[in-house]
Structures are given as C-alpha cells and as structure tokens.
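Visitor: I am attaching a structure below and will ask some questions about it afterwards.
Residue numbers (my numbering): 873 to 1178.
The following block contains the structure:
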C-alpha cells in the first residue's frame, strides 16, 4: 500500500530539501537556532530588557513626524523579534537533523558525482538503481498506466518528471540490452545430418524471444512498466533480466542513475520538509511585521503631510 492521499499532497506542494538548502546552509540562519535560549534570557532579565528598549529609543531620538506617530517602542515588538528568530531557529534545527547528508554536502547531482566518483562504483550504483525502483514502486504500485486518472493520482507526490526520467532510463537500458552483439561470421551453407547442403537459418536466442514478451501493441513499444516490475520483485526465475538491468544501469548509465537518485533524496521525508517550511515561513512573517508596520506608518504620515 502506497502513501496516503494527504502525504501525497504534502509531498507535492512542499519545497524540496534542495530548495530549503539555501536557508538551511546559511550561517546567519544557523545562528538563529540559539534564539529560543538567548532570547528568553533577554526577556526575563529586566536590566537587559530595559537596555534593549533604551537602545531602540535612542536610535529614534530625532523627533520627526514619524517618530511622534510611532511613539514608544512597544514590548510586543520585542516579542515578535524573539518569536520570529525562534521559529527560524526551529526550522534550522529541523533542517540540520533531518535533511539528507547528500543534499547538505552537494547542491546538485553533478556535484555529487564529481565529489564521490571514486566511491560510486558499479556495486554501489547497482544498489542505488534498485533503490530508485523500490521508491517508484512504493509511490505508484497501484497504478495502471492504461487508466490516466488513476495514474495521475498515483503520481501525486512522486512527480511526473521523475516518472518520465525513470521510464526513459529503463527504455534506454533495454535498447542497449537488445543491441545485437557482433558474432563471428557463420557459413551461409551448412550440412544437415544426411549430408545435404541447407541454408543456415538466422541465429535465434532464448533471450530475444524472452524480451519479445515485454512489448506493447503492434508497434512493439517497450513496456517499461513490466521491466520495472521485474526489477522490483527480483524473482529468481527472472534473475538474468533484473541483474542485466542493474548491471547496465551501473555501467553505461551512471549519470542518469545518480541524477534520479538525487531527485529521490531531495523529495524524501515530505512531512519534515513541510514542517521546516512552515517554521521558516512563520519566522520570516513575524520578523517582517514590525518592519511593515513602521513602513506603513511613515508612508501614512508622509501622505497626510503632503
């Protein structure tokens, strides 16, 4: 059974870890993780609170119309600053704990491939390839590609781009697998058991006839879903086929496998991505409200003066 409908919606509309990385890897945002502790010390300490308020008031000593309108800096503004930084800090903590290490370390799949090229050998890439297959099956196992509305529902949260890229990769691997291997020239004429000369038939292999079962329609289009099913279940009876898919993916399609895995990683843990996004958003809003209030007051004052 795949993820629930609510999880699919959260996965679809939540920013990826790569998108959150801009804030999460910022040194300024990382420091806000200390805001809940340090801010509470300021709020409960009368001397520090008065010092903070007097500093704000001293900065506004020129008695313009705007400062007359704003008056004394109210305590709720300090609370908003504290809450805003605290929510940003919560988002920074969530990102630090739950963001996948690959996303923290590398900003793109190309950078990941360059940084760990020596460690991304055939064995690891084969494991990564089957992990991609397993993730796809988890999100779309109930799909029937002949039923478009059902398929669209199944792809909620997984993403049509990832779906298209995976099926394109499988298609390319199968084409590579079916590419004829050069063989030594065979004589055009052979002798049968009675000594009669006969025309040699074209070579036939069990593999070729086996692959023919994985075609669709009169055009013989490759049924990539069937290959994905084989690669997911990995039955002993079909061992040669799924092992061939994994081997070719790890050797001839290294870049595509790494790219797809990076897309999987950045879309992982949808609920934690949503929680991090909400924390960042609330924090930014609370920090922006006092500024917007001040801006509105100054504009209003200037409008009346004009």
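Here a beta-carbon is modelled for each residue, glycine too, at the ideal position from N, C-alpha and C. Since this is a predicted model, take the numbers as computed values, not measurements.
1) Given this structure, state the Cα-to-Cα distance separating residue 1124 from residue 1145, to the nearest angstrom.
2) Using beta-carbon positions only, say whether residue 1139 and residue 973 come within less than 8 Å of one another.
3) Distance, Cα to Cα, residue 959 vs residue 1147?
4) Quick check: the Cα distance between residue 1018 and residue 1088, rounded to an integer number of angstroms?
5) Tell me the rounded alpha-carbon separation between residue 1113 and residue 1101.
6) Do you know how far the Cα of residue 1029 is from the Cα of residue 885?
7) Just the Cα atoms here: how many angstroms apart are residue 1128 and residue 1170?
8) Measuring alpha carbon to alpha carbon, tell me which residue in 877, 880, 955 and 1168 is nearest residue 905.
9) Give the straight-line distance between the Cα atoms of residue 1137 and residue 1038, rounded to the nearest whole angstrom.
10) State the Cα-Cα distance for the pair residue 1159 and residue 979, rounded to the nearest angstrom.
11) How about residue 1011 and residue 874: do their beta carbons lie closer than 8 Å?
12) Could you tell me which uninterrupted alpha helix (DSSP H) segments, each at least 4 residues in length, are contained entirely in the segment 977-1003, listed from first to last along the chain?
13) Express the C-alpha separation of residue 1000 and residue 1120 in angstroms, rounding to a whole number.
14) Who does residue 1113 pair with in a DSSP beta bridge?
15) Where residue 1176 and residue 968 are concerned, what is the direct C-alpha to C-alpha distance, given to the nearest angstrom?
16) When burial is assigned at 16 or more other CB atoms within 10 Å of the CB, is residue 1051 buried or exposed?
17) So residue 906 is in the alpha helix (DSSP H); what residue range does that whole segment cover?
18) Taking only three categories from DSSP, how would you classify residue 897?
19) How big is the Cα-Cα spacing for residue 1163 and residue 1156?
20) Nearest-angstrom Cα distance between residue 1006 and residue 989?
21) Between which two residues does the alpha helix (DSSP H) containing residue 1097 stretch?
22) Quick one: give me the first and last residue of the alpha helix (DSSP H) that residue 877 is part of.
23) Determine the direct distance from the alpha carbon of residue 903 to that of residue 1141, and round the result to whole angstroms.
24) Whose C-alpha, out of 1130, 1092 and 1036, is nearest the C-alpha of residue 987?
25) Grab me the residues of residue 1165's own chain with a C-beta within less than 8 Å of its C-beta, minus the 5 sequence neighbours each way, in chain order.
26) Let me make sure I understand the geometry here. Which of 1043, 1097 and 1122 has the alpha-carbon closest to that of residue 995?
27) On the three-state DSSP scale, how would you describe residue 1034?
28) I'd like the list of long-range same chain contacts for residue 970, defined as Cβ closer than 8 Å, with 5 residues on each side in sequence excluded.
29) Taking the straight line between their C-alpha atoms, what separation do you get for residue 983 and residue 1134?
30) Would you kindly work out how many angstroms separate the C-alpha atoms of residue 1094 and residue 1043, rounded to a whole number?
31) In the structure shown, what three-state DSSP assignment does residue 1145 receive?
Guide: According to the data block:
1) Counted from its first residue, the chain shown places residue 1124 at position 252. Counted from its first residue, the chain shown places residue 1145 at position 273. Straight-line Cα distance between these residues: approximately 33 Å.
2) Numbered from its first residue, the chain shown carries residue 1139 at position 267. Numbered from its first residue, the chain shown carries residue 973 at position 101. With respect to the 8 Å criterion, residue 1139 and residue 973 are not classified as neighbours on the basis of their beta carbons.
3) Indexing the chain shown from 1 puts residue 959 at position 87. Indexing the chain shown from 1 puts residue 1147 at position 275. The alpha-carbon atoms of residue 959 and residue 1147 are separated by roughly 11 Å.
4) Taking the chain shown and counting its residues from 1, the one referred to as residue 1018 is at position 146. Taking the chain shown and counting its residues from 1, the one referred to as residue 1088 is at position 216. Any reading at residue 1018 must be qualified, since the residue scores a pLDDT of 43, below 50, and its modelled position is unreliable; the value itself is stated next. Cα to Cα, the separation comes out at about 12 Å.
5) Start at 1 with the first residue of the chain shown, and residue 1113 comes out as number 241. Start at 1 with the first residue of the chain shown, and residue 1101 comes out as number 229. Cα to Cα, residue 1113 sits roughly 11 Å from residue 1101.
6) Mapped onto the chain shown, residue 885 falls at position 13. Mapped onto the chain shown, residue 1029 falls at position 157. So the alpha carbons of these two residues sit roughly 8 Å apart.
7) To locate residue 1128, count along the chain shown from 1; it is residue 256. To locate residue 1170, count along the chain shown from 1; it is residue 298. Between residue 1128 and residue 1170, the C-alpha separation is close to 55 Å.
8) Here residue 905 refers to the residue found at position 33 of the chain shown. Of the listed residues, the one whose Cα sits closest to residue 905 is 955.
9) Position 265 of the chain shown, counted from the start, is the residue given in the question as residue 1137. Position 166 of the chain shown, counted from the start, is the residue given in the question as residue 1038. Cα to Cα, the separation comes out at about 15 Å.
10) Start at 1 with the first residue of the chain shown, and residue 1159 comes out as number 287. Start at 1 with the first residue of the chain shown, and residue 979 comes out as number 107. Note on geometry: alpha-carbon atoms of residue 1159 and residue 979 lie some 28 Å from one another.
11) Within the chain shown, numbered from 1, the residue matching residue 1011 stands at position 139. Within the chain shown, numbered from 1, the residue matching residue 874 stands at position 2. The Cβ atoms of residue 1011 and residue 874 sit closer than 8 Å to each other.
12) Listed in chain order, the complete alpha helix (DSSP H) runs (minimum 4 residues) inside the segment 977-1003 are 981-987.
13) In the chain shown, counting from the first residue as 1, residue 1120 sits at position 248. In the chain shown, counting from the first residue as 1, residue 1000 sits at position 128. Our two residues, residue 1120 and residue 1000, have alpha carbons roughly 13 Å apart in a direct line.
14) Sequence index remark: in the chain shown, residue 1113 carries index 241 (1-based). Note: residue 1113 sits in no beta bridge, so no partner.
15) Translated into positions along the chain shown, residue 1176 becomes position 304. Translated into positions along the chain shown, residue 968 becomes position 96. Going by C-alpha positions, residue 1176 is about 48 Å away from residue 968.
16) Locating residue 1051 in the chain shown gives position 179, counting from the first residue. Burial call: exposed.
17) Here residue 906 corresponds to residue number 34 of the chain shown, with the count starting at 1. No alpha helix (DSSP H) holds residue 906; DSSP gives it neither H nor E.
18) Within the chain shown, residue 897 is the residue found at index 25, counting from 1. Coil at residue 897, not helix or strand.
19) Taking the first residue of the chain shown as position 1, residue 1163 is located at position 291. Taking the first residue of the chain shown as position 1, residue 1156 is located at position 284. Roughly 11 Å between the two C-alpha positions.
20) Within the chain shown, numbered from 1, the residue matching residue 1006 stands at position 134. Within the chain shown, numbered from 1, the residue matching residue 989 stands at position 117. Cα to Cα, the separation comes out at about 23 Å.
21) As a first step, residue 1097 must be located in the chain shown, where it is residue number 225. From DSSP, the alpha helix (DSSP H) with residue 1097 extends over 1096-1105.
22) In the chain shown, counting from the first residue as 1, residue 877 sits at position 5. First-last of the alpha helix (DSSP H) with residue 877: 877-885.
23) Your numbering for residue 1141 matches position 269 in the chain shown. Your numbering for residue 903 matches position 31 in the chain shown. C-alpha separation (whole angstroms): 24 Å.
24) Your numbering for residue 987 matches position 115 in the chain shown. Taking only the C-alpha atoms, the option nearest residue 987 is 1130.
25) Position 293 of the chain shown, counted from the first residue, corresponds to residue 1165. If we look at residue 1165 and ignore the five residues flanking it on each side, it has no Cβ neighbours.
26) Looking up residue 995 in the chain shown gives position 123. Answer by Cα proximity: 1122.
27) For the purposes of this step, residue 1034 is taken as the residue at position 162 of the chain shown. Reduced to three states, the DSSP call for residue 1034 is helix.
28) Here the question's residue 970 lines up with position 98 in the chain shown. So the qualifying residues of the chain are 1141, 1144 and 1148.
29) Here residue 983 is taken as the residue at index 111 of the chain shown, counted from 1. Here residue 1134 is taken as the residue at index 262 of the chain shown, counted from 1. Their backbone Cα atoms lie some 11 Å apart in a straight line.
30) Numbered from 1 along the chain shown, position 222 holds the residue referred to as residue 1094. Numbered from 1 along the chain shown, position 171 holds the residue referred to as residue 1043. One C-alpha to the other measures close to 7 Å.
31) Numbered from 1 along the chain shown, position 273 holds the residue referred to as residue 1145. It is helical.
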